[in-house]
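Colleague: Chains as they are written, first to last, in the numbering used here: chain B, 1 to 47; chain D, 48 to 287; chain H, 288 to 491; chain W, 492 to 709. Idealized CB from N, CA, C, for every residue including glycine.
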Amino acid sequence: MPDLGQYAVEVLAAYGVSILLLSAIIAISWRRYVRVRAALEAVEKNG
Amino acid sequence: MWEYANPKRFMGWTRPVLPWTFGLAGLCLAVGLIWGFFFTPDDFRQGSTVKIIYLHVPAALMAINAWIMMLVASLIWVVRRHHVTALAARAAAPVGVVFTLIALFTGGIWGQPMWGTYWAWDPRLTSFLILFLFYLGYIALWEAIEDPDTAADLTSVLCMVGSVFAILSRYAVLFWNQGLHQGASLSLDKEENVADVFWFPLLVCIVGFVLLFIALVLMRTRTEIRARRIRALEARARRA
Amino acid sequence: MLTVTDLTCERGGLPVLTGVSFDVAAGQALILRGPNGIGKTTLLRTLAGLQPAVAGHVTYPEDESAYASHADGIKTALSVTENLRFWADVYGADLPRDILETFDLADLAERLGGTLSAGQKRRLGLARLGVIGRKVLFLDEPTVSLDGFSVKLFAKWLQDTHLARGGVAVIATHIDLGLAAPELDLTPFKSDVDAGGGTDEAFL
Amino acid sequence: MIALLLRDLRLAVRAGGGFGLGLAFFLIVVVLVPFGVGPDTAVLSRIAPGNLWVASLLAALLSLDRIFALDYEDGSLALLATSPLPLEGAAMMKALAHWITTGLPLTLAAPALGFLLSLAPEAYAYLLLSLLIGTPALSMIGTFGAALTVGLRRGGLLLSLLVLPLYVPTLIFGAEAVRRGADGLDPSGALMLMGGITAGCFALLPFATSAVLRVNLR
Chain B
1 MPDLGQYAVE VLAAYGVSIL LLSAIIAISW RRYVRVRAAL EAVEKNG
Chain D
48 MWEYANPKRF MGWTRPVLPW TFGLAGLCLA VGLIWGFFFT PDDFRQGSTV
98 KIIYLHVPAA LMAINAWIMM LVASLIWVVR RHHVTALAAR AAAPVGVVFT
148 LIALFTGGIW GQPMWGTYWA WDPRLTSFLI LFLFYLGYIA LWEAIEDPDT
198 AADLTSVLCM VGSVFAILSR YAVLFWNQGL HQGASLSLDK EENVADVFWF
248 PLLVCIVGFV LLFIALVLMR TRTEIRARRI RALEARARRA
Chain H
288 MLTVTDLTCE RGGLPVLTGV SFDVAAGQAL ILRGPNGIGK TTLLRTLAGL
338 QPAVAGHVTY PEDESAYASH ADGIKTALSV TENLRFWADV YGADLPRDIL
388 ETFDLADLAE RLGGTLSAGQ KRRLGLARLG VIGRKVLFLD EPTVSLDGFS
438 VKLFAKWLQD THLARGGVAV IATHIDLGLA APELDLTPFK SDVDAGGGTD
488 EAFL
Chain W
492 MIALLLRDLR LAVRAGGGFG LGLAFFLIVV VLVPFGVGPD TAVLSRIAPG
542 NLWVASLLAA LLSLDRIFAL DYEDGSLALL ATSPLPLEGA AMMKALAHWI
592 TTGLPLTLAA PALGFLLSLA PEAYAYLLLS LLIGTPALSM IGTFGAALTV
642 GLRRGGLLLS LLVLPLYVPT LIFGAEAVRR GADGLDPSGA LMLMGGITAG
692 CFALLPFATS AVLRVNLR
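(1) Spatial neighbours of Glu238/D within its chain, please: CB distance less than 8 Å, with the 5 preceding and 5 following residues excluded, ordered by chain position.
(2) How would you list, in chain order, the residues of chain W whose beta-carbon sits under 9 Å from the beta-carbon of Thr197/D?
(3) Just curious, the alpha helix (DSSP H) that Asp200/D is in, first and last residue?
(4) Would you list, in chain order, the members of the segment 400-422 of chain H that have their beta-carbon closer than 7 Å to a beta-carbon of chain D?
(5) Tell me which same chain residues have a C-beta within less than 7 Å of the C-beta of Tyr182/D, skipping the five on either side of it?
(6) Roughly how many whole angstroms lie between the Cα atoms of Leu233/D and Val251/D?
(7) Could you please tell me which residues of the segment 130-145 of chain D, in chain order, have their CB closer than 7 Å to any CB of chain B?
(8) By Cβ distance, which residues of its chain are closer than 7 Å to Ala442/H, with the 5 residues on each side in sequence left out?
(9) Can you find at least 3 beta carbon pairs, one from the segment 621-631 of chain W and one from the segment 656-674 of chain W, that sit closer than 8 Å?
(10) Do you know whose CA, among Leu178/D, Ala113/D and Ile115/D, lies nearest Pro477/W's CA?
(11) If the criterion is Cβ atoms closer than 8 Å, does the pair Arg278/D and Val480/H meet it?
(12) Quick check: the Cα distance between Arg269/D and Tyr33/B, rounded to an integer number of angstroms?
(13) In chain B, which residues lie less than 7 Å from Lys98/D when you measure between Cβ atoms?
(14) Between the beta-carbon of Leu652/W and the beta-carbon of Ala187/D, is there less than 8 Å?
(15) Based on DSSP bridge pairs, tell me the residues matched to Glu297/H.
(16) Closest by CA to Val47/D, which one among Thr87/D, Ala113/D, Leu172/D and Gly184/D?
(17) Quick check on Arg645/W: does DSSP put it in helix, strand or coil?
(18) Please list the residues of the segment 564-582 of chain W that have a C-beta atom closer than 7 Å to any C-beta atom in chain H, keeping them in chain order.
(19) With Gly360/H and Ser567/W assumed to form a contact (beta carbons below 8 Å), what rounded beta-carbon distance in angstroms separates them?
(20) Would you identify the three-state DSSP class for Asp499/W, choosing helix, strand or coil?
(21) Along the segment 163-185 of chain D, where does the CB come closer than 7 Å to a CB of chain W? Name the residues.
(22) Please tell me whether Ala282/D has its Cβ less than 8 Å away from any Cβ of chain H.
(23) Let me see if you follow: with CB-CB separation under 8 Å, is Leu148/D close to chain B or not?
(24) Flag this pair as yes or no: are the beta carbons of Ala355/H and Leu426/H separated by less than 8 Å?
(25) Mark Ala231/D as exposed unless 16 or more other C-beta atoms lie within 10 angstroms of its C-beta, in which case mark it buried.
(26) Can you tell which of Ile111/D, Leu65/D, Pro66/D and Leu80/D has its C-alpha closest to the C-alpha of Gly209/D?
(27) Please name the residue in Val520/W, Leu676/W and Leu643/W whose C-alpha comes closest to that of Leu608/W.
(28) Run the CB neighbour count on Asp472/H, radius 10 Å, all protein chains shown included, and call it buried at 16 or more, exposed below.
(29) Quick one: what's got a C-beta closer than 8 Å to Thr329/H's C-beta in the same chain, skipping five residues either side?
(30) Taking contact to mean 3 or more Cβ pairs, one atom from each stretch, closer than 8 Å, check whether the segment 332-348 of chain H and the segment 548-560 of chain W are in contact.
(31) In chain order, what are the residue ranges of uninterrupted alpha helix (DSSP H) at least 4 long that sit wholly in the segment 106-193 of chain D?
(32) Grouping DSSP H, G and I as helix and E and B as strand, with all else coil, what is Thr329/H?
(33) With DSSP as the reference, please indicate the residues paired to Lys477/H in a beta bridge.
(34) Would you say Arg275/D reaches chain H, if we count a Cβ-Cβ gap shorter than 8 Å as a contact?
(35) How many angstroms separate the CA atom of Phe390/H from the CA atom of Leu365/H?
(36) Which residues in chain D sit within 7 Å of Thr486/H, going by Cβ to Cβ distance?
Quick look at the structure:
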């Protein structure tokens, strides 16, 4: 862990929130990807 | 080239491309961010806050590029009516929002040590706030309209008109407040001012963000195409 | 005067009618028949240019068409005469002197649109067609909410004034207007389930 | 085209509310501001230009959804689209009618409300001038937004979300012109830029509006 000095909170918060936001959009996109793929398979099987 | 914009062809060639794009994006981001966070020196003036550059600059860059990509896709949809481009524009918008939020948040945090306040009505930060509002309106319009082609047409026009007004807003904001942003030390257009130690990891991060954007847009576009196909199949089933 | 060749129209991304072709000569009317949902409104809207055709051609003299939908476009806060005068102004036409009599609106001339009954509103909407003086009319269910007397009134205007002057009308209706006009049943033109065209095609 | 303008104005007068409601809203917003920030005239006078501009912008926003909604519901929009009147011209007339029924009264009432906020005396002329130049742009941009949302049942909130970001440049230049006037600086730069925006809006947005209307009528 590098010494972040007096701005440790700011730097860590910037990294934390950014990584959180990126993870969120990846997770949401992935979840919808899987769901829609399953839904399409169901529709194609019936149709 | 337009062949690849056919939904079926698109699904075909993106399937093998997608995991590679995600993998490379992850690799670049991991290398760039770890390099930047652990192995770069502090700036003599800004101290450790200079490390925020590895998130702030790529996110801000991609926030604007995402909108430009949506604008190009909208134009292609209006001129050539390729469904994939309209759906890609729709897929890119939420990703653009996330990048804009990151740029805003890291910009604000950076502001605390630099300007002594988390939020200043600095022209650049303000412009990103306005860009954020444009993204919200664009997404809301997509969500509100039932018919996918109508939605594609209307959002395309909104994107084009919005782009003009976004540029106008940028100049209006500059006129309104000359700003605190110290462009010299952190903006890309003056890259010669960024020392090499900071520049190389930053470059890797930028590549990582670009790849992540591409990967997310490809994945989300695939989702949109599938959702549209479900809709088309169901509409046909209803008629049978 | 009106020629339709091999027309395909879509609704909600899927083709509903395929290969519609017909000719209507000056002074002729054409009655569209077919069950609900077959695509009569879609066809009329396509003919009127409100929505693009998937395939085929529609030709009629430029700036000579008018469309009348289920809705009459009557402003409730304007009087009967004001409503008609507005459309006359938009089309650069004069208000024919006998137009109110023709559609039995003379007693209602100064009444506000909002105070009219459904049938009276419909008569006002039809009177608009007499005001604008267009030769090619696309009429969607023009007789809805009209009583028998008013239907005769409208048929008389159509026959004696509009068609007699060399006009053309394509009318979707379920009742017998008493016109000596050919009928076109749209049922045979119904698109196959897997017919091409339509904007959904790329995804099927 | 004049016929459409006259019809819309007549409808606005007869339906009531057209002229009055926006003005009343403007008055109420301006009256509420001192309750929020306190009665200190120095503070009020400093924020008066921005307040008057934001309040008139919100008042103009209030009546936007009625520009096309009624015509869409009763079918006259489809009839207009198939009429010889170019839809671009119709869009411009609609914007003009909206401006005459809301923008113009707001402009004329603004100086009176300036007194309530102790606006600097030097700024009155610029307040009037900036609103006169700027509110037509608000109406035209709003007409475009109204055309985008005309087919939606509950488009009112979405309309605000779409239109407000588009209002940013006009607001900035408008309020800046008044502020500079109040500070005794030269506001002509801001006024000219705003005039450019208004002219650009009226030159380009009618085309976007009519394209959007045709899509919504499909």
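Modeller: Inspection of the coordinates gives the following:
(1) Sequence index remark: in the second sequence, residue 238/D carries index 191 (1-based). Residue confidence for Glu238/D is low, a pLDDT of 45 falling below 50, so the modelled location carries little weight; the figure read from the coordinates is stated next. By the criterion of a C-beta distance shorter than 8 Å, Glu238/D is surrounded in its chain by Trp246, once the five residues flanking it on both sides are discounted.
(2) Within the second sequence, residue 197/D is the residue found at index 150, counting from 1. Within 9 Å of the CB of Thr197/D, the CB atoms of chain W belong to Gly642, Val706, Asn707 and Arg709, in sequence order along the chain.
(3) For the purposes of this step, residue 200/D is identified with residue 153 of the second sequence, where counting begins at 1. Segment Pro195 to Trp223, the alpha helix (DSSP H) holding Asp200/D.
(4) The segment 400-422 of chain H vs chain D, Cβ under 7 Å: nothing.
(5) As a first step, residue 182/D must be located in the second sequence, where it is residue number 135. Once the five neighbours on either side are set aside, the close Cβ partners of Tyr182/D are Ala140, Gly143, Val144 and Thr147.
(6) Residue 233/D sits at position 186 when you count from the first residue of the second sequence. Residue 251/D sits at position 204 when you count from the first residue of the second sequence. In this predicted model, Leu233/D has a pLDDT of only 46, less than 50, meaning its place in the structure is not dependable; the value taken from the coordinates is given anyway. Computed Cα separation, rounded: 16 Å.
(7) Of all residues in the segment 130-145 of chain D, Pro141, Val142 and Val145 have a Cβ within less than 7 Å of some Cβ in chain B.
(8) For the purposes of this step, residue 442/H is taken as residue 155 along the third sequence, with counting starting at 1. Within the same chain, Leu464, Gly465 and Leu466 come within 7 Å of Ala442/H by CB-CB distance, once the 5 residues on both sides are set aside.
(9) In short, these stretches touch, since the Cβ pair count reaches three.
(10) Since the displayed chain W opens at 492 and closes at 709, residue 477/W lies outside it and no answer follows.
(11) In the second sequence, the residue the question calls residue 278/D occupies position 231. In the third sequence, the residue the question calls residue 480/H occupies position 193. No, they are not a contact pair.
(12) For the purposes of this step, residue 269/D is taken as the residue at position 222 of the second sequence. For the purposes of this step, residue 33/B is taken as the residue at position 33 of the first sequence. Cα to Cα, Arg269/D sits roughly 8 Å from Tyr33/B.
(13) Residue 98/D sits at position 51 when you count from the first residue of the second sequence. What Lys98/D touches in chain B: Val11.
(14) Residue mapping note: residue 652/W aligns to position 161 of the fourth sequence, counting from 1. Residue mapping note: residue 187/D aligns to position 140 of the second sequence, counting from 1. Yes, these two residues count as a Cβ contact at 8 Å.
(15) Against the third sequence, residue 297/H aligns to sequence position 10. Under DSSP, Glu297/H forms a beta bridge with Pro302/H.
(16) With chain D running from 48 to 287 in the structure shown, residue 47/D is simply not present.
(17) Looking up residue 645/W in the fourth sequence gives position 154. Arg645/W: coil per DSSP, three-state reduction.
(18) For the segment 564-582 of chain W, which is checked against every Cβ of chain H, the residues closer than 7 Å are Asp565, Gly566, Ser567, Ala569, Leu570, Ala572, Thr573, Ser574, Pro575 and Leu576.
(19) Here residue 360/H is taken as the residue at index 73 of the third sequence, counted from 1. Here residue 567/W is taken as the residue at index 76 of the fourth sequence, counted from 1. The pair is a contact, with the Cβ atoms about 3 Å apart (cut-off 8 Å).
(20) Counting from 1 along the fourth sequence, the entry for residue 499/W is found at position 8. For Asp499/W, the three-state secondary structure derived from DSSP is helix.
(21) Those would be Ile177, Leu180, Phe181, Leu183 and Gly184, in chain order.
(22) To locate residue 282/D, count along the second sequence from 1; it is residue 235. At a cut-off of 8 Å between C-beta atoms, Ala282/D counts as an interface residue with respect to chain H.
(23) As a position in the second sequence, residue 148/D is number 101, starting the count at 1. Chain B contact via Cβ: present.
(24) The count along the third sequence starts at 1 and reaches residue 355/H at position 68. The count along the third sequence starts at 1 and reaches residue 426/H at position 139. Result yes, Cβ atoms of Ala355/H and Leu426/H sit closer than 8 Å.
(25) Position 184 of the second sequence, counted from the first residue, corresponds to residue 231/D. With a pLDDT of 41 at Ala231/D, under the threshold of 50, the modelled position of that residue is not reliable, and the figure given next carries that caveat. Under this definition Ala231/D is an exposed residue.
(26) Within the second sequence, residue 209/D is the residue found at index 162, counting from 1. For Gly209/D, the nearest C-alpha among the options comes from Ile111/D.
(27) What you label residue 608/W is simply residue 117 of the fourth sequence in a count that begins at 1. Proximity to Leu608/W across Val520/W, Leu676/W and Leu643/W peaks at Val520/W, based on C-alpha coordinates.
(28) Against the third sequence, residue 472/H aligns to sequence position 185. Asp472/H counts as exposed, since fewer than 16 other beta carbons sit within 10 angstroms of its beta carbon.
(29) By one-based count along the third sequence, residue 329/H stands at place 42. Once the five neighbours on either side are set aside, the close Cβ partners of Thr329/H are Cys296, Glu297, Arg298, Val303, Leu304 and Gln338.
(30) Fewer than three Cβ pairs drawn from the segment 332-348 of chain H and the segment 548-560 of chain W lie within less than 8 Å of each other, which leaves the two stretches out of contact.
(31) Within the segment 106-193 of chain D, the complete alpha helix (DSSP H) runs of at least 4 residues fall at 130-162 and 170-191.
(32) For the purposes of this step, residue 329/H is identified with residue 42 of the third sequence, where counting begins at 1. The answer is helix: DSSP assigns Thr329/H an H, G or I state.
(33) For the purposes of this step, residue 477/H is taken as the residue at position 190 of the third sequence. Note: Lys477/H sits in a beta bridge opposite Leu304/H.
(34) Here residue 275/D is taken as the residue at index 228 of the second sequence, counted from 1. At least one beta carbon of chain H lies nearer than 8 Å to the beta carbon of Arg275/D.
(35) In the third sequence, counting from the first residue as 1, residue 390/H sits at position 103. In the third sequence, counting from the first residue as 1, residue 365/H sits at position 78. Straight-line Cα distance between these residues: approximately 18 Å.
(36) Within the third sequence, the letter at position 199 stands for residue 486/H. Identification of chain D residues near Thr486/H by a Cβ-Cβ cut-off of 7 Å yields Asp196, ordered along the chain.
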